[in-house]
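Asks: So for the sequence shown, this note's numbering puts the first residue at 73; every next one is plus one.
Every residue, glycine too, gets a C-beta built ideally from N, C-alpha and C.
Below you will find the structure I want to go over with you.
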Amino acid sequence: MNVNPVVENFASAGKRGTMRRMQPVVVQHPLAQCHLAAIRAVSTPAHEFRRHINMLARMLFLEATRELPVQETSVQTPLTQTRGARLARPVVCVPILRAGLGLLDGILPLMPDAIVAHVGIKRNEETALPHAYYANLPTNLAAADVFLLDPMLATGGSACEAARQLKEAGALRITMICVVSCPEGLAAMAQTHPDVPIITAAIDDGLNDKCYIVPGLGDAGDRYFST
Ligand code: PRP
Ligand code: URA
């Protein structure tokens, strides 16, 4: 199992150019960790849970997109011509339904022109095995930087299946963003999709006998959608 995290801190991130991206990156920015504590708390009401997970998703997305290539552009300011930048490739965000929508809500204000594709996967409550029930993927995945969004990486079954679907549809550059991960899910992804970097806010202790992450935050979809 190769789950040694790259412990990330925005203040030192600029020095990270030579680090390998295939190990999980744990975003330890103090504000990220405060948002995480708030969404873990069972006493946090749904409207606050939504706000905190939206903000945390935005911070994780900033880290996940840190090394996207840009093209130089020319910009006319009110005073003169200067250089600017635009992303070299399209960005496709892929929330795993349902709970991934909570990350998407936080990310889209930062990148309103991102393409959004959807993968629907639901764990079987008895077996914890993933059941894929929906997919709507664009045709230009090969040309894009693809960000797979799901707050929870538990057994890794859902993320592995989603990454498989994305690759089958042509995706070449996939990054997974998850709020809470654990050694079991990270190991599953490292074994099945070692080319997919993972950006997370936490690597928790592990799974309980119902395959929930401990300490975790409970059922992310139920908490986000108040069900
Ligand atoms: C949750 C979560 C992940 C999955 C993680 O979704 O949002 O998709 O479980 O578990 P795994 O790593 O063991 O596959 P769930 O299946 O409960 O569906 P929901 O988002 O519709 O509630
Ligand atoms: N799905 C969740 O929403 N939470 C967990 O802890 C595990 C899977």
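For ligand 2, is there any heavy atom lying closer than 8 Å to the beta carbon of Ile-285?
Replies: Because some heavy atom of ligand 2 lies under 8 Å away, the Cβ of Ile-285 counts as near it: yes.
Asks: Using DSSP's beta-bridge definition, name the partner residues of Val-191.
Replies: DSSP, once it has assigned bridges, lists Ile-168, Ala-207 as partnering Val-191.
Asks: With H, G and I counted as helix, E and B as strand and the rest as coil, what does DSSP make of Ala-260?
Replies: Residue state, collapsed to three classes: helix.
Asks: Tell me the residue span of the alpha helix (DSSP H) that contains Cys-106.
Replies: Note, Cys-106: alpha helix (DSSP H), 102 to 112.
Asks: Answer with buried or exposed for Ile-168, where buried requires no fewer than 16 other C-beta atoms within 10 angstroms of its C-beta.
Replies: That one is buried.
Asks: Quick check on Cys-232: does DSSP put it in helix, strand or coil?
Replies: Three-state result, Cys-232: helix.
Asks: Touch check for the region 110 to 128 and the region 279 to 298: three-plus C-beta pairs under 8 Å?
Replies: Taking 8 Å as the limit for Cβ pairs, the verdict is that the region 279 to 298 does touch the region 110 to 128.
Asks: Below 8 Å, is the gap between the Cβ of Val-191 and the nearest heavy atom of ligand 2?
Replies: No, Cβ of Val-191 sits at least 8 Å from all heavy atoms of ligand 2.
Asks: Leaving out five residues before and five after Asp-277 in sequence, what residues of the same chain have Cβ atoms less than 6 Å from its Cβ?
Replies: Only Val-286 meet the Cβ criterion.
Asks: Nearest CA to the CA of Ile-270: which residue from Ala-136, Leu-108, Lys-194, Arg-123?
Replies: The shortest Cα separation from Ile-270 among Ala-136, Leu-108, Lys-194, Arg-123 belongs to Ala-136.
Asks: Pull up the distance between the alpha-carbon of Ala-201 and that of Pro-181, whole angstroms please.
Replies: Looking at the sequence provided, one finds Leu at residue 201 rather than Ala. Those two C-alpha atoms are separated by around 33 Å.
Asks: Within 10 Å of its beta-carbon, does Leu-238 have 16 or more other beta-carbons around it, so buried, or fewer, so exposed?
Replies: Result: buried.
Asks: Identify whether Met-94 lies in helix, strand or coil by the three-state DSSP scheme.
Replies: Note: Met-94 maps to coil in three-state DSSP.
Asks: Smallest Cα separation from Met-127: which of Leu-173, Pro-184, Ile-179, Gln-100?
Replies: Of Leu-173, Pro-184, Ile-179, Gln-100, the residue nearest in Cα terms is Ile-179.
Asks: Please name the residue, chosen from Leu-220, Pro-266, Thr-264, Asn-280, that lies closest to Val-251 on a Cα-to-Cα basis.
Replies: Comparing Cα-Cα distances from Val-251 to each of Leu-220, Pro-266, Thr-264, Asn-280, the minimum goes to Leu-220.
Asks: Beta-carbon within less than 8 Å of Ser-298's beta-carbon, same chain only, minus the 5 sequence neighbours each way: which residues are those?
Replies: Within the same chain, Ser-298 has close Cβ partners Ala-118.
Asks: Can you tell me whether Thr-227 sits near ligand 1, meaning its C-beta is under 8 Å from at least one heavy atom of the ligand?
Replies: Checking every heavy atom of ligand 1 against the Cβ of Thr-227, one is found closer than 8 Å.
Asks: For the candidate residues Ala-216, Ala-214, Ala-262, Ala-241, whose alpha-carbon lies nearest to that of Ala-231?
Replies: For the residues Ala-216, Ala-214, Ala-262, Ala-241, the minimum Cα distance to Ala-231 belongs to Ala-262.
Asks: Just grab the DSSP bridge partners of Ile-179 for me.
Replies: Ile-179 is not bridged to any residue.
Asks: Find out if the Cβ-Cβ distance for the pair Thr-272, Leu-132 is shorter than 9 Å.
Replies: Their beta carbons are under 9 Å apart, which means Thr-272 touches Leu-132 by this criterion.
Asks: Just to confirm before moving on: does the CB-CB distance between Tyr-205 and Ile-187 stay below 9 Å?
Replies: The answer is no: Cβ separation not under 9 Å.
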